[in-house]
Structure formats: C-alpha cells, structure tokens
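Quick mapping for you: the protein sequence lines, in order, are chains A and B. Following the working numbering, the numbering of the first sequence begins with 897 at its first residue and continues without gaps. Following the working numbering, the numbering of the second sequence begins with 47 at its first residue and continues without gaps. Working notes, structure below.
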Amino acid sequence: MGNSTETFNSYLPSKPQLWLSGTFSGGTEQIFKDFPSKNIRFMNFCFWNLAPDSNNRQFYMRTSSNGGASFDNGGNDYSYATRYIFVASNGYITNANNNLMRPLFSSMGHDANERNCLNIMMFYPSEGKYTKFISNCVGVDVSTLLGMGYGGLIREQAGIVNAVRFYVSGGNFGTDVGYAFHYL
Amino acid sequence: MGDSAQRIYVNKNTEILYQGTESAVSQADYDVSDPNYAYFKLDITQWAPSVDSNSCAMRTSADGTTFDTGGSDYHYFTDANAVTAGFATVNFLRSWMSLDGYASGNAANEEQNFSILIFRPYISQYTKVFALTYGKNSSSQQFAALSAGLRLSAARVQAVRIFPLGGGTVTYKYQLTGVKL
C-alpha cells in the first residue's frame, strides 16, 4: 500500500484543509462568508446533529457572488436533480428550477433523535462559471425513521461564489448543530 | 496541473488512521472513538468474499468491543444500479447495515469498492453512515450503489465492524481517514 492515497478512487478529496468548525444553535439562517482563499477549488460542507426547531421543515441553500451582501434569489437562479428515499416508500426524484437549492430531503423533524447528517461538496466556486454541488445526506425524518437523499445542484449563472447561506423553510435551526468545512 | 507547487494544501487536518490489507478474515473492527474528528471515511477496495452472492455489512459498537446484533438495531436503504438488473431500491430493518444491496460475488473480477462516511460517531445520537459502492456484482455486471444506514438507538459509537454477510471470509484493502474538527 505505501502511503499513497492514489489507489483509492474516493469521491472525496483526501487532503482537505479545515476552514471552520463548531456548533450553532437557533437562528433563521447561517451565513458563511470571507472564504479562506480567493482560489477555492473545492469546498466540503459537513453538518451533523442538524434539525430545525419545528416539524416538517426543509433545509435550503443559496449562494452569493458579492461576499454575502446579497444572495441570488431569482426564480431560475438554481437547478437541482435529487433523489429522496423514506421508509414509507421507495422515495422520489425531483428536479426543478428554483430560487433556492434543496440539498436535503424534506420532512425534517425536531425531536431529540430526529437529526440529520449532510455532506455538500462545492466544486470550483472561484472559477467564475456555473458553480456545481453534490449532496449526500442521511438522517431521521419527522416520523423518526430513516431518510436518505443525494443529488446534484447548480447555480445557473456564471460568476464566482464567495459566500453561502443555509436556512430552514420556516422557523429557526435547532440546538447544537455541528459543522466542519474543508477546502482545497 | 502536474506542478508540485500546487500540492501545498496537504496538511494534518485530514489524517490516515489505518491502512492495510485484510486477508481471508471473517470480520474486521475499526476504532472510531476519537472525539477530534468530524467524520471518518473508510475506503475499501478490491472487496473479494469467498462465498458468492454476498454483501459488505457493517455493525456498530457503543463500548468498542460488543457489537449490536438485535434484529432491528439498524435501518438501511440501498439504491443500486446494474447493467442487466437495472435500478432497484431496498429498505430494511436488520441486525446489520448492508452497503451494497447483497450484490457481491466471489468470482475473479467481481470485486467491489466502497467509500463509507461515518458521521460524527462521538455524539450520542443515532449514528449515520453513507456509502458509495462501485465495481462488478455477482453476475459480473457493472454495478453502482448508494446506501444510507442508521443505528436505531442513541449512543456514542466507538467502533465499527465490517464483515461478509453471507458468511465465509473476505480479502480487501482498506484505509480509514479521519477529518478533523
């Protein structure tokens, strides 16, 4: 084996550098700006213990090209094609143009064990082209049952992305949401 | 790129914790108890079980030695796609989490590869894993799958066990990486 990681065709780069980590509680939104470099090629947003403070909420994401002064919210600013699976069914596929991105399945709950883990990979936001994302999530929905989601998401206009906004579809985030963001 | 100056981002925020080869083992356990990692990534390549129509399965342990084996201790989904079998979804409560939808074969070239994310096992929550699988299945067909697994009780998980669900032994290469907080 040696010390090389190149034999592993991992879908996650093996040497990301930590930008931010911590926890937050509450708030209608969480904005992350002042990226650690102007030449970000890849960034991975990892969340765990993620929940809203009320039932049947969704987790949304928007981007900014002006450092977080404003976030794109036009009706066709984003597209996504994602698949969500729940215990009650084999799930569904959704694809849409929208004024936001939906990286996580719907129907988030807020009870003690209804928590979600989520990885969002953002590719080359400093390139100035359509910035693209892949999301992978696993969690526990509002019925305290397993939920899974994955898909691709895109910002439908050329431009750098240098800030992101995460928020829930109503109300606030729950308590002790953990996060760690890494970049290349 | 090919320019060594572009490789400056290698650092200690991501650490290779274990790597090596498991040869003809019936199970292998991996310590994920360190609280300093946001998540662990277990990469498995060239998964080759001795018994046909097998599966790569995972269990968890809250004390590092005893692994949960109750009939509904885990829930998992797998979305699988193969050349002839097409797309299929499985959804089960079991005493394990399958990471490939029971598609591994034992013939030459029917090897599977896995990249498994284990999210923050240190916190006392339902521990969650997400797996990407690719290779050839037990019909020697090109195969890819995505799986999500859940340990259905709240506890800090200290170790995970990988084993061939259909019995026998398995040989594979592995690397466990920790991504620091």
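For glycine and all other residues, C-beta sits at the position ideal for the given N, C-alpha and C. Quantities reported herein were computed from a predicted structural model and do not represent experimental measurements.
Amino acids of chain B, ordered along the chain, whose beta-carbon sits closer than 8 Å to that of Val983 (chain A): Locating residue 983 (chain A) in the first sequence gives position 87, counting from the first residue. Result: His121, Asn137.
Cβ neighbours of Pro909 (chain A) in the same chain (closer than 7 Å, five flanking residues each side left out): Within the first sequence, the letter at position 13 stands for residue 909 (chain A). Because Pro909 (chain A) carries a pLDDT of 45, less than 50, the predicted location of this residue cannot be relied on, and the following value inherits that uncertainty. Phe938, Leu1080.
Alpha-carbon to alpha-carbon, Asn993 (chain A) and Tyr1026 (chain A): Counting from 1 along the first sequence, the entry for residue 1026 (chain A) is found at position 130. Counting from 1 along the first sequence, the entry for residue 993 (chain A) is found at position 97. Taking the straight line joining both Cα atoms gives about 14 Å.
Among B:Met143, B:Glu157, B:Ser185, nearest to Arg207 (chain B) - alpha-carbon criterion: In the second sequence, the residue the question calls residue 207 (chain B) occupies position 161. Checked all of B:Met143, B:Glu157, B:Ser185; the closest Cα to Arg207 (chain B) is B:Met143.
Local Cβ density within 10 Å of Met171 (chain B), reported as buried at 16 or more and exposed below that: In the second sequence, residue 171 (chain B) corresponds to position 125, counting from 1. As written in the sequence, residue 171 (chain B) is Gln, which differs from the Met given in the question. The residue in question, Gln171 (chain B), is buried, as its Cβ has 16 or more Cβ neighbours within 10 Å.
Where Asn1015 (chain A) sits in the DSSP three-state scheme: Counted from its first residue, the first sequence places residue 1015 (chain A) at position 119. Reduced to three states, the DSSP call for Asn1015 (chain A) is strand.
Sequence-distant residues of its chain with Cβ nearer than 7 Å to Pro912 (chain A) (five each side left out): Residue numbering aside, residue 912 (chain A) sits at position 16 when the first sequence is read from its first letter. Excluding sequence neighbours, Pro912 (chain A) sits near Asn940, His1078, Tyr1079, Leu1080.
Inter-residue CB distance, Tyr168 (chain B) and Glu68 (chain B) (contact presumed, cutoff 8 Å): Here residue 168 (chain B) refers to the residue found at position 122 when the second sequence is read from its first residue. Here residue 68 (chain B) refers to the residue found at position 22 when the second sequence is read from its first residue. Not confirmed; about 25 Å, so no contact.
Pro912 (chain A) at chain B interface by Cβ criterion, 8 Å: To locate residue 912 (chain A), count along the first sequence from 1; it is residue 16. True, the Cβ-Cβ gap to chain B drops below 8 Å.
Proximity of Trp944 (chain A) and Gly1074 (chain A) at Cβ, strictly below 8 Å: Reading the first sequence from its first residue, position 48 is the one you call residue 944 (chain A). Reading the first sequence from its first residue, position 178 is the one you call residue 1074 (chain A). Yes, these two residues count as a Cβ contact at 8 Å.
Chain B within 8 Å of Arg998 (chain A), Cβ atoms only: As a working note, residue 998 (chain A) is residue 102 in the first sequence. Judged by the 8 Å Cβ criterion, Arg998 (chain A) is not in contact with chain B.
Beta carbon proximity, Arg202 (chain B) to chain A, threshold 8 Å: Along the second sequence, read from residue 1 onward, the residue named residue 202 (chain B) stands at position 156. No, its Cβ sits nowhere closer than 8 Å to a Cβ of chain A.
Beta-carbon contacts of Leu916 (chain A) that lie in its chain and below 8 Å, excluding the five residues immediately before and after: Reading the first sequence from its first residue, position 20 is the one you call residue 916 (chain A). Within the same chain, Leu916 (chain A) has close Cβ partners Phe928, Tyr1075, Ala1076, Phe1077.
Through-space distance from Lys934 (chain A) to Arg197 (chain B), alpha-carbon basis: Translated into the one-based positions of the second sequence, residue 197 (chain B) becomes position 151. Translated into the one-based positions of the first sequence, residue 934 (chain A) becomes position 38. If you take the alpha carbons of Arg197 (chain B) and Lys934 (chain A), they lie about 40 Å apart.
Extent of the continuous beta strand (DSSP E) to which Met104 (chain B) belongs: Looking up residue 104 (chain B) in the second sequence gives position 58. Its beta strand (DSSP E) spans residues 102 to 107.
Secondary structure of Trp142 (chain B), DSSP reduced to three states: As a position in the second sequence, residue 142 (chain B) is number 96, starting the count at 1. Trp142 (chain B): coil per DSSP, three-state reduction.
Three-state class that DSSP yields for His1078 (chain A) in the structure shown: By one-based count along the first sequence, residue 1078 (chain A) stands at place 182. Of the three classes helix, strand and coil, the one that applies to His1078 (chain A) here is strand, per DSSP.
Distance between Gln92 (chain B) and Ala1054 (chain A) (C-alpha atoms, nearest Å): Mapped onto the first sequence, residue 1054 (chain A) falls at position 158. Mapped onto the second sequence, residue 92 (chain B) falls at position 46. For Ala1054 (chain A) and Gln92 (chain B), the distance between alpha carbons rounds to 40 Å.
Test item: CB-CB of Phe955 (chain A) and Met1017 (chain A) under 8 Å: On the first sequence, position 59 is the one that residue 955 (chain A) refers to. On the first sequence, position 121 is the one that residue 1017 (chain A) refers to. No. Outside cutoff.
Partners in chain B for Met1044 (chain A), counting only beta-carbon separations shorter than 7 Å: Here the question's residue 1044 (chain A) lines up with position 148 in the first sequence. Within chain B, the residues near Met1044 (chain A) are Phe123, Ala194.
Bridge partner(s) assigned by DSSP for Pro948 (chain A): The sequence position of residue 948 (chain A) within the first sequence is 52, counting from 1. The partner list for Pro948 (chain A) (beta bridge, DSSP) reads A:Phe1069.
Chain A within 8 Å of Val225 (chain B), Cβ atoms only: Against the second sequence, residue 225 (chain B) aligns to sequence position 179. For Val225 (chain B), the answer is yes, since a Cβ of chain A falls inside 8 Å of its Cβ.
Residues of the stretch 150 to 165 of chain B whose Cβ lies closer than 9 Å to any Cβ of chain A, in chain order: Asn159, Ser161, Leu163, Phe165
Span separating the alpha-carbon of Asn159 (chain B) from that of Glu1010 (chain A): Here residue 159 (chain B) corresponds to residue number 113 of the second sequence, with the count starting at 1. Here residue 1010 (chain A) corresponds to residue number 114 of the first sequence, with the count starting at 1. The straight-line gap from Cα to Cα measures roughly 30 Å.
Expected contact under 8 Å - CB spacing of Leu227 (chain B) and Asn82 (chain B) to nearest Å: The residue you call residue 227 (chain B) lines up with position 181 of the second sequence. The residue you call residue 82 (chain B) lines up with position 36 of the second sequence. Contact holds; Cβ gap of about 6 Å.
Supposed close pair Asn1015 (chain A), Asn1032 (chain A) - CB separation, criterion 8 Å: Locating residue 1015 (chain A) in the first sequence gives position 119, where the first residue counts as 1. Locating residue 1032 (chain A) in the first sequence gives position 136, where the first residue counts as 1. Indeed, because the Cβ distance is near 5 Å, the residues count as touching under 8 Å.
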